[in-house]
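Visitor: Using the working numbering, the letters of the sequence shown map in sequence onto residues 0 to 261. Please see the structure below; I have some questions.
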Amino acid sequence: MINLTSSDYSDLKSKEKLLSSKIKIVNEKEYTFASCNTENNFIFKITKPAGLILDLEKINTETLQVTNGTKSSKIALRLNNLDNLGCKIEFKKVQSDNLQLNLKLIDSQLPEIISYLVYYKYKFGKSKITDLLEKIKSQNPLGFDISKGHPFYEYKIKKFLTESALGMTPEKVWTGKYDATGGIIVVKDNSDLVCYHIYNKNEFEDYLINHTKFEQAATSEDEINPGFSTNTSKTKPYKYSWIYEENGELFLKLNLQIRFIK
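Laid out in structure tokens, this is it:
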């Protein structure tokens with residue numbers, strides 16, 4: 000890792016030409032891992048106990064408004080309500096088939112691992128990647144043999160963050176070819192520059208996992224008609240967070256958005 004000032008940038012670019020390598024620049028203020036959109040929604044299937052009748056309009060409406068001063072969110076309220084009713088919530092798929100395949104290319108179990116992190120983020124209100132990793136390690140939902148101390152979850156999430164930082168997006172087929180062949184420059188919030196050479200991959204991965212968090216995008220839910228998206232939202236229509244029915248089955252979408260910690 001090399002700490003740089005802004006004045007070093009032009010010199011670094013000229014050296015890049017000499018080395019015939021590509022250097023990618025990532026701005027902490029603006030960069031979003033896996034570029035957030037509706038394709039980043041993770042779809043969960045809700046299985047209710049036999050005999051339970053769920054009034055979707057009622058549960059979506061009653062959980063829409065959160066009391067001021069609380070740390071809860073409407074999504075957390077909905078997830079907790081489903082738990083209290085004895086419903087089972089299971090990951091079904093990523094909304095984008097291409098993103099799901101990209102994740103599986105990185106690691107076959109990555110969609111499931113990220114689904115748990117997304118679920119924990121909304122249910123427990125945690126946002127830092129490191130905190131969510133502690134949660135998933137303690138729960139070990141995929142049943143890994145961690146008796147010897149193998150960091151299954153951390154290792155796989157590091158790979159995901161690295162691939163996302165170096166070129167993987169939900170929209171395009173990921174082949175593993177990085178945007179940067181020489182290194183990466185991280186433009187920090189205070190405008191300082193941190194440069195990681197491609198050979199300092201371990202340091203770069205550690206930086207990513209310790210300086211990233213989950214964020215919540217606007218749900219685009221219609222407050223007048225809960226359980227449906229609004230057509231007048233000024234933000235991107237991510238269309239998630241409410242319980243809905245499709246072909247006689249119940250589902251809920253949770254959105255994936257990861258950014259640098261400011």
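Glycine included, every Cβ here is placed at the ideal spot set by N, Cα and C.
Does the beta-carbon of K87 have 16 or more other beta-carbons within 10 angstroms, so that it is buried, or is it exposed?
Guide: So K87 counts as exposed.
Visitor: In chain order, what residues of the same chain have a beta carbon less than 6 Å from the beta carbon of E204, not counting five sequence neighbours either side?
Guide: If we look at E204 and ignore the five residues flanking it on each side, its Cβ neighbours are K157 and T161.
Visitor: For G68 and A179, I'd like the C-alpha separation in whole angstroms.
Guide: Interpretation of G68 is limited by its pLDDT of 46, a score under 50 that renders its predicted location unreliable; no figure is taken from the coordinates.
Visitor: What does the alpha-carbon distance come out to for the pair P110 and N189?
Guide: Looking at the two C-alpha atoms, the distance is approximately 34 Å.
Visitor: Where G166 and I183 are concerned, what is the direct C-alpha to C-alpha distance, given to the nearest angstrom?
Guide: Distance between the alpha carbons of G166 and I183: 11 Å.
Visitor: Assuming contact is defined by CB atoms lying nearer than 8 Å, are L249 and I45 in contact in what I supplied?
Guide: Yes, they are a contact pair.
Visitor: How close, in whole Å, do the beta carbons of F259 and E56 come, if the pair is a contact with beta carbons under 8 Å?
Guide: F259 to E56, Cβ: 39 Å. No contact.
Visitor: Measuring only the C-alpha atoms, how far is Y243 from S107?
Guide: About 28 Å.
Visitor: Please work out which residues of its chain come closer than 7 Å, Cβ to Cβ, to N80, disregarding the five sequence neighbours upstream and downstream, and give them in chain order.
Guide: The answer, listed in chain order, is I58 and T62.
Visitor: Using the Cβ count rule (16 or more neighbours within 10 Å means buried), how would you classify S146?
Guide: S146 comes out exposed.
Visitor: Using 8 Å for Cβ pairs, my map puts T37 next to Y237. What's the rounded Cβ distance?
Guide: Confirmed, about 6 Å.
Visitor: Could you give the first and the last residue of the continuous alpha helix (DSSP H) run that contains Y154?
Guide: Where Y154 is concerned, the enclosing alpha helix (DSSP H) stretches over F151 to A164.
Visitor: Helix, strand or coil, according to DSSP, for V172 in the structure here?
Guide: Coil.
Visitor: How is the beta strand (DSSP E) around E244 delimited, first residue to last?
Guide: Its beta strand (DSSP E) spans residues I242 to E245.
Visitor: For H210, is the classification buried or exposed, using 16 other Cβ atoms within 10 angstroms of its Cβ as the cut-off for buried?
Guide: By the neighbour-count rule (16 or more Cβ atoms within 10 Å), H210 is buried.
Visitor: Inspect the beta-carbon positions of F43 and I113 and report whether they are closer than 8 Å.
Guide: Taking 8 Å as the Cβ cut-off, F43 and I113 do not qualify as a contacting pair.
Visitor: Just to confirm the assignment: which complete alpha helix (DSSP H) runs, minimum length 4, are found wholly within the stretch 186-220?
Guide: Qualifying alpha helix (DSSP H) stretches, in chain order: 200-209.
Visitor: Thinking Y115 and I135 are a contact (beta carbons under 8 Å), I'd like their distance in whole angstroms, please.
Guide: Yes, they are in contact, since the Cβ atoms of Y115 and I135 sit about 5 Å apart, within 8 Å.
Visitor: Whole-angstrom Cβ separation of V186 and I24, contact assumed at under 8 Å?
Guide: Their Cβ separation, rounded to whole angstroms, is 6 Å, which keeps V186 and I24 in contact under 8 Å.
Visitor: Using the Cα positions of I105 and A216, report the straight-line distance between them to the nearest angstrom.
Guide: Straight-line Cα distance between these residues: approximately 25 Å.
Visitor: Helix, strand or coil for L100 per DSSP?
Guide: Reduced to three states, the DSSP call for L100 is helix.
Visitor: Taking only the alpha-carbon atoms, compute the straight-line gap between S240 and S163 and give it to the nearest angstrom.
Guide: Using only the alpha carbons, I get a separation of about 24 Å.
Visitor: Does DSSP put L53 in a helix, a strand or coil?
Guide: Coil, per DSSP.
Visitor: Apply the 10 Å Cβ neighbour rule to N246 and answer buried if 16 or more other Cβ atoms are within range, or exposed otherwise.
Guide: Classification of N246: exposed, given that the 10 Å Cβ count is below 16.
Visitor: By the 10 Å Cβ neighbour count, where 16 or more other Cβ atoms means buried, how is A33 classified, buried or exposed?
Guide: Buried, because 16 or more other Cβ atoms sit within 10 Å of the Cβ of A33.
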